[in-house]
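Here is the structure we will look at.
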């Protein structure tokens, strides 16, 4: 993940970058420099060649990455493709709030082979409650217009899908249908960032499962549909794990995250959602000018992430669902007194949701086998 712009033109109320514990964005360069771009591209190419990687995924992120402008986007893609040899497939993608999608930006993204995912939180009322411009005006209509342009025949090949952060105040089926109207290739629903010290909205320290209840309703609707299309990533990853597969999501399964973040100043950090835990939680002390990505792999923050059940918090290792939930997303495990050696603050929700999906899958498998 390469942070190419550290500011945003929206002021989303739940943003972990600007609204939560770590405020280091205030001292980061507003935009990535050409020097950092070239050095980052060189480090990626170096690592891919050294380890004979068949493919590398680079996510352009922010803030709002489209604030860098079309020219810089084109330059970033050019440098990445220049440094990564043809023997390695380079997948370039961009995560945007959708407000700056235009024919100008999309033409450059198309020419540069950069695919696009858009954040949108449901219908107009639900989206605009939290995803607003700094003056308070809602962003939905601008975002919707951008997605309509993105899904047009000219740019459809760039369209990867939509991301929605769950708000318990919103009706799950209405939210699903609102996103379905954008014909996304894939949907994903994200649990709001929070932890045991700073719980997410509605997540009480008890056995209630408000987020599982919200998602179960949506799962039953999606799973009962004729095509189950588009895929809903949180559901498909859980099903994949339940059937013995290895999920490719950092929020499901027992594999440690493989995401490395390069900030606009060239510093190298852990997954950026750690900024929701405490100030400096994502820091490594490394940078692309002085350190290779082999240095990153050997850094204690990454080297200590043990794959498999053995790498999970102590209380998770005996849980029968641990191989599926993986203890929950690492940033969501934080507690001020015990660090990250805890199950997710969403533990009860994850157990309820995974149990529900497992029961539906097992019931269908029994019917196929003809079990009585």
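Numbering (our numbering), first residue to last: 1097 to 1468. Cβ atoms here follow ideal geometry from the backbone N, Cα and C, with glycine treated the same way.
Pull up the CB-CB distance for residue 1202 and residue 1156, whole angstroms please, since I reckon it's below 8 Å.
So it is not a contact: roughly 14 Å between Cβ atoms.
With residue 1215 as the anchor, note down where its beta strand (DSSP E) starts and where it stops.
1210-1215
Does DSSP classify residue 1223 as helix, strand or coil?
helix
Proximity winner among 1262, 1213, 1197, relative to residue 1188 (alpha-carbon distances):
1213
Could you give the distance in angstroms between the alpha-carbon of residue 1384 and the alpha-carbon of residue 1099?
Residue 1384 and residue 1099: Cα-Cα distance of roughly 13 Å.
Length of the line joining the Cα atoms of residue 1374 and residue 1111:
14 Å
Counterpart residues of residue 1260 in DSSP-defined beta bridges:
1285
Can you tell me the Cα-Cα spacing of residue 1431 and residue 1199, whole angstroms?
If I take the Cα positions, the gap works out to 45 Å.
Just to confirm before moving on: does the CB-CB distance between residue 1101 and residue 1360 stay below 8 Å?
yes
Inter-residue Cα distance where the pair is residue 1152 and residue 1163
24 Å
Cβ-based burial, residue 1410 [other Cβ within 10 Å; buried from 16]
exposed
Give the secondary structure of residue 1153 by DSSP, where H, G and I count as helix, E and B as strand, and everything else as coil.
Residue 1153: strand per DSSP, three-state reduction.
In chain order, each alpha helix (DSSP H) run of at least 4 residues that lies wholly inside the region 1379-1440:
1389-1394, 1396-1399, 1418-1421
Within the continuous beta strand (DSSP E) that includes residue 1190, where are the two ends?
1185-1192
When the Cα of residue 1300 is compared with those of 1465, 1440, 1158, which residue comes out closest?
For residue 1300, the nearest C-alpha among the options comes from 1440.
Buried or exposed: where does residue 1455 fall if 16 or more other Cβ atoms within 10 Å of its Cβ makes it buried?
exposed
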